[in-house]
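My numbering applies: residue 407 is where the sequence shown begins, and numbers increase by one. The beta-carbon is built from N, C-alpha and C at its ideal position, and this holds for glycine as well. Accompanying notes for the structure given below.
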Amino acid sequence: MLRTGRLIALDTAVALKRTHGGARTVSATYDSTLVPSPRGELTRALELRGALLLEPEKPAAAATTIAFRARGAEEILPWFSQ
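Dropping the structure here:
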(Lines of atoms letter the chains of each structure in order from A; the text may use other names.)
(Lines give C-alpha, C1' and ligand atoms only; values in the text may rest on other atoms or scores of the structure.)
Protein backbone atom coordinates (compact mmCIF):
# COMPACT_ATOMS: atom_id res chain seq x y z
CA MET A 407 0.00 0.00 0.00
CA LEU A 408 1.37 3.39 -0.98
CA ARG A 409 0.42 6.85 0.25
CA THR A 410 1.90 9.92 -1.41
CA GLY A 411 4.62 7.78 -2.94
CA ARG A 412 5.68 6.17 0.36
CA LEU A 413 5.30 2.51 1.25
CA ILE A 414 3.10 2.36 4.37
CA ALA A 415 2.05 -1.32 4.41
CA LEU A 416 3.23 -4.50 2.80
CA ASP A 417 0.90 -7.50 2.71
CA THR A 418 -1.82 -9.09 0.60
CA ALA A 419 -5.07 -7.21 0.09
CA VAL A 420 -6.96 -9.84 2.10
CA ALA A 421 -4.55 -9.60 5.04
CA LEU A 422 -4.61 -5.79 5.01
CA LYS A 423 -8.42 -5.77 5.04
CA ARG A 424 -8.43 -8.32 7.87
CA THR A 425 -5.93 -6.28 9.88
CA HIS A 426 -7.15 -2.74 9.16
CA GLY A 427 -10.56 -3.15 7.51
CA GLY A 428 -12.67 -2.34 10.56
CA ALA A 429 -10.38 0.37 11.81
CA ARG A 430 -11.11 4.09 11.90
CA THR A 431 -8.68 6.91 11.39
CA VAL A 432 -8.47 9.73 13.91
CA SER A 433 -6.45 12.90 13.39
CA ALA A 434 -5.96 15.66 15.96
CA THR A 435 -4.33 19.01 15.36
CA TYR A 436 -3.11 21.07 18.31
CA ASP A 437 -2.71 24.85 18.59
CA SER A 438 0.94 24.51 19.62
CA THR A 439 3.81 22.23 18.70
CA LEU A 440 3.86 18.79 20.30
CA VAL A 441 7.27 18.69 21.94
CA PRO A 442 9.12 15.34 21.76
CA SER A 443 8.60 14.13 25.35
CA PRO A 444 4.79 14.46 25.60
CA ARG A 445 4.47 13.37 21.96
CA GLY A 446 6.46 10.21 22.73
CA GLU A 447 4.31 9.47 25.79
CA LEU A 448 1.14 9.95 23.73
CA THR A 449 2.52 7.71 20.98
CA ARG A 450 3.37 4.92 23.44
CA ALA A 451 -0.03 5.18 25.13
CA LEU A 452 -1.85 4.96 21.79
CA GLU A 453 0.23 1.97 20.71
CA LEU A 454 -0.56 0.22 24.01
CA ARG A 455 -4.23 0.70 23.17
CA GLY A 456 -3.71 -1.02 19.80
CA ALA A 457 -3.48 2.08 17.62
CA LEU A 458 -1.31 2.30 14.52
CA LEU A 459 0.35 5.74 14.30
CA LEU A 460 0.15 7.37 10.86
CA GLU A 461 2.48 9.78 9.14
CA PRO A 462 0.82 13.15 8.50
CA GLU A 463 -0.04 13.67 4.84
CA LYS A 464 1.63 17.09 4.93
CA PRO A 465 5.11 16.98 6.52
CA ALA A 466 4.71 20.58 7.73
CA ALA A 467 1.82 19.43 9.95
CA ALA A 468 3.97 16.85 11.78
CA ALA A 469 4.79 19.21 14.65
CA THR A 470 1.15 19.92 15.54
CA THR A 471 -0.76 16.87 14.30
CA ILE A 472 -1.02 13.30 15.47
CA ALA A 473 -3.04 10.70 13.57
CA PHE A 474 -3.76 7.07 14.30
CA ARG A 475 -5.84 4.18 13.04
CA ALA A 476 -7.46 1.72 15.42
CA ARG A 477 -10.25 -0.76 15.78
CA GLY A 478 -12.56 0.55 18.45
CA ALA A 479 -11.24 4.09 18.02
CA GLU A 480 -14.44 5.32 19.65
CA GLU A 481 -13.23 3.67 22.87
CA ILE A 482 -9.87 5.46 22.65
CA LEU A 483 -11.34 8.89 21.93
CA PRO A 484 -12.61 9.69 25.45
CA TRP A 485 -9.13 8.95 26.85
CA PHE A 486 -7.39 10.74 23.97
CA SER A 487 -9.42 13.94 24.35
CA GLN A 488 -8.72 14.42 28.08
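On the DSSP bridge assignment, give the partners of residue i in chain order.
i: Leu460; result: Ala473
i: Thr435; result: Thr471
Taking only the alpha-carbon atoms, compute the straight-line gap between residue i and residue j and give it to the nearest angstrom.
i: Glu447; j: Arg430; result: 21 Å
i: Gly478; j: Pro442; result: 26 Å
i: Leu440; j: Ala421; result: 33 Å
i: Ala451; j: Arg475; result: 13 Å
Can you tell me whether residue i is helix, strand or coil according to DSSP?
i: Glu430; result: Here residue 430 turns out to be Arg, not Glu, going by the sequence shown. In the structure shown, Arg430 sits in a strand (DSSP, three-state: E or B).
i: Gly478; result: coil
i: Thr449; result: helix
i: Leu440; result: coil
Under 8 Å by Cβ, that's how I've got residue i and residue j pegged, so tell me the actual separation to the nearest angstrom.
i: Leu459; j: Thr471; result: The pair is not a contact, with the Cβ atoms about 11 Å apart (cut-off 8 Å).
**Asked** Counting pairs of Cβ atoms below 8 Å between the segment 478-485 and the segment 461-468, do you hit three or more?
**Response** no
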